[in-house]
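Student: Residues in the sequence shown are numbered from 319 upward in steps of one, following the working numbering. Just so you know, even glycine gets a beta-carbon here, dropped at the ideal spot from N, CA and C. Take a look at this one; I'll ask things after.
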Amino acid sequence: MNRWKRLSITGFLALLLAWSGLRTASAAVAWSRAPEAAQRTGLLQPARTRVRATTPELARIARAKRAIVFVYAPTCSACNGNMANWIDLVADLHGGQVQLFAVAPAGTPAAREYWGPLSRHVHVITATPAEVRGALNAEVTPATILVENGVIRGVATGALTRPAIRQVHAFAARPAE
């Protein structure tokens, strides 16, 4: 009987340890996937990396006091779905204290046409995916990137959510640091 009691206590402790380990492991997995989840939902993620100007056109973004950068591809269906958000942002923010940039893949003949009449308010730049990745650390489209004095302050990938749009407006409204 004593032997069974000892085994049940040992078994209980082993089970407890395994359960605790699983909870810790699942928490670690959830934490490591947090940026991915944010990317899927279009939330703005804080960032503090410098824009690395790899071309003269991308250097314009790095030199801007404040910039909002739209990274897109005209053939990207998610970009087309997010275009309504970007149109609203351009309509609200053009002529203000932020410069608006759109970055499309190099060799895209429809890069400027994609923005239609808004292209007079948005600086359309083309760059290779490697240049965009190197300069803006943008891996996927669509991406909305907030830049202040050459430093990336926030990144939202995917379709922008209402909270992210409010954050972009707040970034545009506050004075530059």
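Please state whether DSSP places E457 in a helix, a strand or coil.
Tutor: Three-state DSSP puts E457 in coil, outside helix and strand.
Student: Quick check on this structure: which residue in V458, V416, V408, T475 has the alpha carbon closest to the alpha carbon of R492?
Tutor: The option with the nearest alpha carbon to R492 is V416.
Student: Please classify R471: is it buried, with 16 or more other beta-carbons within 10 angstroms of its beta-carbon, or exposed?
Tutor: Per the 10 Å Cβ criterion, buried.
Student: Are the region 462-476 and the region 384-398 touching by the rule of at least three beta carbon pairs closer than 8 Å?
Tutor: As far as the Cβ criterion goes, the region 462-476 touches the region 384-398, which means the pair count is three or higher.
Student: May I ask you to report which of helix, strand or coil DSSP gives L439?
Tutor: A quick correction: the sequence has His, not Leu, at residue 439. Note: H439 maps to coil in three-state DSSP.
Student: Looking at the secondary structure, which residues open and close the alpha helix (DSSP H) in which L418 lies?
Tutor: Premise fails: L418 lies in the beta strand (DSSP E), 417-423, not in any alpha helix (DSSP H).
Student: For R438 and G476, what's the separation of their Cα atoms in angstroms?
Tutor: The alpha-carbon atoms of R438 and G476 are separated by roughly 24 Å.
Student: How about L362 and A445: are their beta carbons less than 8 Å apart?
Tutor: The answer is no: Cβ separation not under 8 Å.
Student: Can you tell me the Cα-Cα spacing of I379 and A371, whole angstroms?
Tutor: The straight-line gap from Cα to Cα measures roughly 8 Å.
Student: Around the Cβ of P423, are there at least 16 other Cβ atoms within 10 angstroms (buried) or fewer (exposed)?
Tutor: P423 is buried by the Cβ-count criterion.
Student: Quick one, which of T426, A456, E449, H412 has its alpha-carbon nearest P435's?
Tutor: For P435, the nearest C-alpha among the options comes from H412.
Student: I need the DSSP call for G472, collapsed to helix, strand or coil.
Tutor: Residue state, collapsed to three classes: strand.
Student: Just verifying my parser: in three-state terms, what is the DSSP assignment at L376?
Tutor: In the structure shown, L376 sits in a helix (DSSP, three-state: H, G or I).
Student: Just confirm the distance between the C-beta atoms of R366 and V469, as a whole number of angstroms; I'd bet it's less than 8 Å.
Tutor: Indeed they touch by this definition, with Cβ atoms about 6 Å apart.
Student: What residues match up with I386 in a beta bridge as DSSP calls it?
Tutor: L418, L464, per the DSSP bridge assignment.
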